[in-house]
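Protein chains: 2
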Amino acid sequence: MKPHFALALVSSVALATAAIAAPPATQAAREAALDASVSAADQQAWLKSMSSAPNHVGSPHNKANAEFILAQFKAWGWDAAIEQFDVLYPTPIATAVELVTPRRATLGGQEPPIEGDATSSAAGMLPPYVAFQGDGDVTADVVYVNYGLPADYLALARRGVDVKGKIALARYGGGWRGLKPKLAQEHGAVGCIIYSDPADDGYKQGDTYPRGGARPANAVQRGSVADMPTYPGDPLTPGYGAVPGAKRLARADAPTILKIPVLPMSYADATQILSSLGGPKAPATWIGALPLTYHLGGDGKTSVRLMVKSDWSLKPAYNVIARLKGAKYPDQWVVRGNHHDAWVFGAMDPLSGNVAMLSEAKALGALAKTGWRPARTIVYASWDAEEPMLLGSTEWVEHHTAELRAKAVIYINTDGNGRGFLSAEGSHSWQHLVSEVGRDVRDPQTGVPVLKRLQSGLLAEAYDGIGRTEPAQLAAAEKGGDLLMGPLGSGSDYSPFLQHLGIASLNIAYGGEDESGGVYHSIYDSYDHFTKFDDPRLAYGAALSKTVGRLVLRIADADTPPVRFGDFADTVARYLSEVRQLGDDRRAKDAKRRTLADDGAFKLATDPLAPVAPPAEEPATPYVELAVLENAVARLGASAKAYDAAYAAHGRTLAPATRVQLNTALRDIDQLLLDNRGLPGRPWYKNLVYAPGRFTGYGAKTLPGVREAIEERRFADADLYAERTAKALDAYAARLDAATAIIGR
Amino acid sequence: MKPHFALALVSSVALATAAIAAPPATQAAREAALDASVSAADQQAWLKSMSSAPNHVGSPHNKANAEFILAQFKAWGWDAAIEQFDVLYPTPIATAVELVTPRRATLGGQEPPIEGDATSSAAGMLPPYVAFQGDGDVTADVVYVNYGLPADYLALARRGVDVKGKIALARYGGGWRGLKPKLAQEHGAVGCIIYSDPADDGYKQGDTYPRGGARPANAVQRGSVADMPTYPGDPLTPGYGAVPGAKRLARADAPTILKIPVLPMSYADATQILSSLGGPKAPATWIGALPLTYHLGGDGKTSVRLMVKSDWSLKPAYNVIARLKGAKYPDQWVVRGNHHDAWVFGAMDPLSGNVAMLSEAKALGALAKTGWRPARTIVYASWDAEEPMLLGSTEWVEHHTAELRAKAVIYINTDGNGRGFLSAEGSHSWQHLVSEVGRDVRDPQTGVPVLKRLQSGLLAEAYDGIGRTEPAQLAAAEKGGDLLMGPLGSGSDYSPFLQHLGIASLNIAYGGEDESGGVYHSIYDSYDHFTKFDDPRLAYGAALSKTVGRLVLRIADADTPPVRFGDFADTVARYLSEVRQLGDDRRAKDAKRRTLADDGAFKLATDPLAPVAPPAEEPATPYVELAVLENAVARLGASAKAYDAAYAAHGRTLAPATRVQLNTALRDIDQLLLDNRGLPGRPWYKNLVYAPGRFTGYGAKTLPGVREAIEERRFADADLYAERTAKALDAYAARLDAATAIIGR
């Protein structure tokens with residue numbers, strides 16, 4: 001243990017003790033107490049212990065972590081318990097992948113230990129695998145499918161290559177992992193391999209571990225391939241909690257489990273397959289960073305064996321749920337969570353976020369010991385089984401649906417954390433609050449407010465010409481205004497709250513300067529990597545605690561939660577203009593496509609060696625009836641502006657009874673964005689403003705009923721969902737009008 | 001010899017014989033005779049023989065080729081002779097490059113033989129080198145400078161790295177080769193290595209030779225690094241011919257010869273250096289395709305020895321000059337050329353273009369044997385010593401300046417040729433003629449007119465979203481209108497004609513589907529590579545002969561050369577709008593830079609591990625006085641439109657004396673684009689519309705006096721050259737007005 005580490009521990013104890021004095025009377029004083037209590041040294045010690053052994057669902061150490069977290073919450077004065085669900089979670093019994101022709105080579109298997117990375121030589125890790133693939137033992141010809149997304153299959157078809165009866169070799173990136181084997185399966189592949197190409201994740205990013213933090217040649221990205229865009233959570237219990245006695249689907253009937261075997265792969269192994277492939281040259285945009293010429297394969301010369309056999313028994317998921325009861329509005333809940341299960345050790349993902357959450361819990365507990373009570377009930381949740389596809393949180397949300405609908409004000413999520421810039425996504429009426437907090441928390445590295453640092457970073461990127469910042473975001477940064485939050489798709493535990501129940505949600509993290517991406521979901525996501533390359537001394541872990549702790553305190557203690565509906569209305573208007581533009585762009589492209597089809601230009605391959613067929617005939621994009629939605633968005637804008645003005649004028653001086661009425665009117669307003677019939681083909685997703693994309697996965701699609709219908713040429717759906725979305729926004733505006741009326745009374 | 005090859009030879013003889021019948025009376029009949037005479041089989045046989053031994057300047061086989069060409073011209077009835085110049089051309093006596101630390105490794109040396117490439121195991125090739133570097137023997141630390149262009153040195157400075165006393169390691173690409181060592185030298189480097197990175201030239205383009213045609217790991221790109229943007233031609237005789245007795249500069253005084261040693265390198269060798277480099281990580285855009293993490297070096301840990309010793313004696317350059325005297329206007333010359341010297345064998349560069357030119361000469365000779373005589377004198381030139389920097393052509397142009405000024409109508413150039421799409425660049429009043437020819441020549445592969453194929457290719461690229469086609473070019477392709485020619489910079493023998501004397505010039509080639517880039521300036525630019533990967537059976541060689549042959553015939557026989565000045569005026573107007581936009585963009589960027597400097601945002605490195613300093617203070621971009629140029633361009637547009645209309649109405653029916661007057665007024669009109677004082681700092685370049693860029697090299701800069709002055713923040717020059725350029729354009733417009741008046745008389 002280094003001296004500065006011991007000193008930090010001592011001073012943290014001193015500060016924590018100092019904080020137990022008297023209940024701070026002001027918001028500023030409570031936040032000062034929060035800051036004083038948050039200790040990076042605490043977090044570092046917790047992280048070291050919690051990431052010392054494998055933490056996959058069902059592993060002894062993951063259970064021990066849940067019990068440790070429970071004990072800490074209790075020691076800090078919280079009302080805490082473990083809530084268990086029994087979920088389907090397959091673990092590999094045997095896996096094999098080998099090159100069969102043109103030469104035999106055994107590939108796959110566990111990642112090797114790396115010197116200086118202590119846990120990489122530990123025991124008990126599962127070998128590389130992906131959860132909810134289909135098991136099997138196949139030997140087949142290989143086709144390289146780039147990212148394995150829809151456009152890639154169009155490009156393959158134009159070159160006369162298909163994956164029917166073959167193994168699809170996809171690289172990670174371009175879209176969510178699970179889409180790759182799903183689309184391969186839909187196109188008739190008998191198996192799928194997903195590998196990490198160094199163009200996206202390897203030596204092209206930086207020196208590889210252990211010289212630097214980037215992905216080394218033998219590291220493998222595990223992950224879930226459950227069909228999340230259909231629904232997350234336990235595949236056997238869609239829509240309700242996986243409690244003892246719950247009705248469970250037969251595994252064969254669960255629509256989110258794939259039917260073909262799938263394995264992830266390192267780039268060292270993938271090189272052996274890719275360098276053997278013949279067939280047409282891969283298109284220019286398909287070329288990764290391996291030192292070889294990328295070909296499509298599919299010519300019968302390179303075959304691979306792929307075998308997976310899993311243990312499909314139910315496993316226990318241990319959610320730790322802790323409460324600080326609200327003094328004034330006990331039935332208004334501020335929910336905040338971070339999972340604790342990992343693919344292997346999970347130092348960064350998720351434990352770096354989990355220990356930041358523990359620091360907040362410790363600080364709030366210390367505040368409570370001074371006699372302070374929050375106005376609203378604060379619920380902290382340490383989720384289990386997030387990695388296989390949000391199982392712990394989803395089952396909990398599904399099991400407590402009625403109570404959450406009736407009580408939740410907001411859900412604030414974190415997951416892994418790193419060094420760098422503030423990142424915030426979520427429900428846009430909370431954007432101003434997040435920005436205000438970003439003005440009050442200081443960046444550990446530069447000492448400027450984290451919002452200022454984020455904006456400076458955007459400007460510096462734009463100045464260097466390397467940023468891909470959206471113009472609106474850049475303009476906001478130039479003015480020093482609020483940050484423009486992105487929308488939430490999926491990939492962490494906010495999804496069931498936001499998209500199934502319509503509870504306003506935020507996801508907060510620091511990052512962009514760490515190198516955690518290089519060990520993502522591999523055995524090298526370790527304490528050693530994290531403290532060397534991602535957040536040395538957990539300075540940004542402390543910053544995260546101060547950020548989220550402020551959000552929780554300000555919301556829990558506010559007279560009325562500090563929302564600004566104009567931000568939401570502006571954002572929805574921006575999304576609608578994107579959808580309108582999408583239609584225009586599609587029509588222009590359709591016209592061009594017809595011109596080319598007419599004069600045969602498409603027959604001229606840009607790659608002369610590859611035969612190119614015309615793209616399949618597709619219906620032209622008509623004008624979609626957006627007027628109803630335009631009207632609704634205009635009305636929403638007016639209503640939001642009126643409410644914001646009314647609250648700014650009179651919000652501080654409301655009579656207590658009016659305040660209660662107003663808070664009741666606003667608490668569940670975001671639930672009005674739901675349509676209980678859900679999105680086309682996926683009724684579990686009910687939010688008509690925010691959803692994970694059917695063909696982007698984690699990436700969000702906003703106004704998804706309309707946008708995806710245009711993208712996928714389901715034009716009847718587009719008209720239908722324009723109307724449904726308009727109805728939801730009209731209800732939202734009507735509720736705002738009612739709230740404005742309450743203030744005016 | 002394969003059967004089809006023998007058959008083709010027989011049929012070619014038959015056709016050539018058939019053509020000797022009677023003088024064709026119409027343009028169409030002459031072009032039919034041209035087509036019948038052009039034989040791909042001829043070209044293939046000539047190419048095999050001419051590329052069978054090394055063809056560098058001064059080599060026996062290069063001289064033999066000149067003599068062969070001379071003999072052919074004479075046999076075909078031309079008035080031909082060899083015109084010799086004695087030029088400075090250094091050849092390597094000894095070269096060495098070795099890694100010294102952190103481990104010793106010998107690098108460099110001759111490229112190894114490749115199986116199936118017959119000439120790669122021949123004798124007499126010079127080892128890899130670049131011409132007009134500075135000789136020396138240095139051992140120093142290495143800095144990776146990306147492409148080695150001005151922006152790269154700014155980026156290095158911001159990271160605290162410099163090349164002073166070090167060896168700059170630059171990759172090929174991004175700008176002309178010679179700028180890299182020149183800028184390295186200006187920044188204090190003691191040596192420079194230029195290597196081919198597979199991101200730009202290697203396995204990323206396709207399978208490497210011999211499996212495919214792309215650059216193999218050991219191939220080296222030779223080339224000239226003479227300071228061409230100052231002047232091309234013999235460094236010792238700027239502005240006049242290098243004839244016996246000419247006054248020659250001392251080598252040390254020649255401003256276009258570098259002072260530091262420079263060598264080119266293969267990517268196999270460069271990998272050994274790059275993988276050893278420490279120091280800061282290279283910025284994202286600097287990363288090539290080698291399987292390693294790119295660092296900047298400069299930390300004293302990687303040193304290299306670089307040694308070059310050259311034979312600096314004068315060498316003979318043999319230009320073959322051949323004439324067919326004009327019957328009607330013997331003192332109006334149509335000049336057409338292609339060089340014959342090469343870096344090694346030069347099958348593609350330049351012999352594929354040279355044999356196409358020979359086919360034209362054979363066809364024109366056959367036509368002449370029927371009794372036909374061109375109206376204007378046709379001059380064919382097979383240049384020597386193009387590769388070291390246009391020595392043969394430049395010395396000839398400088399030696400014959402007075403005659404060329406008085407007689408030349410146009411210069412039409414070709415160089416290496418390949419498979420694919422028509423490419424044409426040059427003086428824009430000739431754009432419509434080139435397009436008309438493109439409508440009449442058929443693409444060998446698809447059977448459609450070559451212009452149609454080019455346009456279809458542009459549309460297909462745009463459709464696939466992979467093209468970088470300019471919007472104006474794409475719009476022209478969509479309408480099926482004329483092609484939009486690019487401007488000429490440098491890189492082949494048109495430069496002295498166009499930029500020193502103001503003679504209208506064209507450069508024509510086919511390409512885009514061949515793989516000649518992969519062996520460019522290496523020993524593998526061979527007959528075997530060319531006939532396998534670049535233009536099998538020389539089908540596009542024949543297409544080139546038919547294209548350029550038509551251009552020559554139509555210009556030589558026209559009553560008045562078929563120019564359209566509206567195309568020139570429109571193009572100059574487009575260039576001026578680019579220059580205006582450039583100023584606007586610069587001002588916006590300057591403002592942003594000041595904002596960043598004010599708030600210190602630039603201090604936040606986007607690469608957190610690299611220290612970043614603010615960019616050096618530079619003067620802000622003022623508004624440049626463009627009104628004078630705007631007025632001149634507007635006047636040019638009106639005058640051009642009036643002339644085109646007058647000629648369209650009356651041009652076919654002019655009285656003979658009027659015709660003579662008109663032709664005299666138009667013949668040298670492009671010489672009015674010159675200002676005898678030349679461009680700032682480089683008086684040899686006198687054309688105020690077209691020039692090679694000071695910092696792009698081969699890449700053209702249009703309206704260069706103004707554009708480069710803004711780019712380089714020489715704002716007094718910008719104002720001065722706006723005025724001078726306006727004056728030139730005014731003179732051009734006045735001449736057009738005079739020509740219109742002649743028609744009207």
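Protein sequences appear in the order of chains Z and X.
Counting with the UniProt record's numbering, you get residues 1 to 745 for the letters of the first sequence.
Counting with the UniProt record's numbering, you get residues 1 to 745 for the letters of the second sequence.
Note that beta-carbon positions come from the ideal geometry of N, C-alpha and C, so glycine has one too.
- DSSP, read as helix, strand or coil, puts Q332(Z) in strand.
- In this structure L391(X) is not in contact with G178(X), their Cβ atoms being roughly 14 angstroms apart against a cut-off of 8 angstroms.
- Against chain X, the beta carbon of A289(Z) has neighbours under 8 angstroms at A289, P291, listed in chain order.
- In terms of beta-carbon proximity, D207(Z) lines the interface with chain X, with at least one pair separated by less than 8 angstroms.
- Straight through space, the alpha carbons of Q473(X) and N354(X) are spaced by roughly 29 angstroms.
- Y510(Z) is outside the set of residues whose beta carbon lies under 8 angstroms from a beta carbon in chain X.
- With fewer than 16 other Cβ atoms inside 10 Å of its own Cβ, Q581(X) counts as exposed.
- For S359(X), the enclosing alpha helix (DSSP H) has its first and last residue at 353-369.
- Between H61(Z) and A347(Z), the CB-CB gap reaches or exceeds 8 angstroms.
- The C-beta separation of G420(Z) from S516(Z) comes to about 10 angstroms, leaving the pair out of contact by the 8 angstroms criterion.
- Counting C-beta atoms within 10 angstroms of its own C-beta, G480(X) has fewer than 16 neighbours from the protein chains shown and is therefore classed as exposed.
- Going by DSSP, L107(Z) is part of the beta strand (DSSP E) stretching over 105-107.
- Here S121(X) is exposed: its Cβ has fewer than 16 other Cβ atoms, across all protein chains shown, within 10 Å.
- Per DSSP, E630(X) is one residue of the alpha helix (DSSP H) stretching across 627-650.
- For L99(X), the beta-bridge partners assigned by DSSP are A105(X), V304(X).
- For S423(X), the enclosing beta strand (DSSP E) has its first and last residue at 420-426.
- Contact of K281(Z) with chain X is assigned, a C-beta pair being separated by under 8 angstroms.
- Beyond the five residues adjoining it in sequence on each side, C192(Z) comes within less than 7 angstroms, by CB distance, of I167, A168, A170, K180, P181, A184, I260, V262 in the same chain, given in chain order.
- Within 7 angstroms of the CB of K204(Z), the CB atoms of chain X belong to I287, in sequence order along the chain.
- Here the region 76-96 of chain Z makes no contact with the region 475-494 of chain Z; the two share fewer than three CB pairs at distances below 8 angstroms.
- K48(Z) and A738(Z) have their C-alpha atoms spaced approximately 52 angstroms apart.
- Close CB contacts of E513(Z) within its chain, under the 6 angstroms cut and outside five residues either way in sequence, are with R419, G420 (chain order).
- By the CB criterion at 8 angstroms, A214(X) and A268(X) fall outside the cutoff.
- Here the C-alpha atom of Y623(Z) lies approximately 7 angstroms from the C-alpha atom of G583(Z).
- As the crow flies, the alpha-carbon of S303(Z) is around 47 angstroms from that of D141(X).
- Taking the beta carbon of G337(Z) as reference, no residue of chain X falls within 7 angstroms; the closest one sits roughly 29 angstroms away.
- Sixteen is the threshold: since fewer than 16 other Cβ atoms of the shown chains lie within 10 Å of the Cβ of T664(Z), the residue is exposed.
- Sequence-distant partners of T702(X) (beyond 5 residues in either direction) whose C-beta falls short of 7 angstroms from its own C-beta, in its chain, are P487, Y575, V689, Y690.
- CA-to-CA, the gap between E723(X) and A640(X) works out to about 20 angstroms.
- Per DSSP, reduced to three states, the secondary structure at I193(Z) is strand.
- In the DSSP annotation of this structure, the continuous segment of the alpha helix (DSSP H) that includes Q27(X) starts and ends at 27-37.
- Between D349(Z) and Y527(Z), the CB-CB gap reaches or exceeds 8 angstroms.
- Membership of P692(Z) in any alpha helix (DSSP H) is not indicated; the residue belongs instead to the beta strand (DSSP E) covering 690-693.
- A direct Cα-to-Cα measurement between V448(Z) and V441(Z) gives close to 8 angstroms.
- Under the 8 angstroms criterion on CB atoms, G438(X) is classed as non-interfacial with respect to chain Z.
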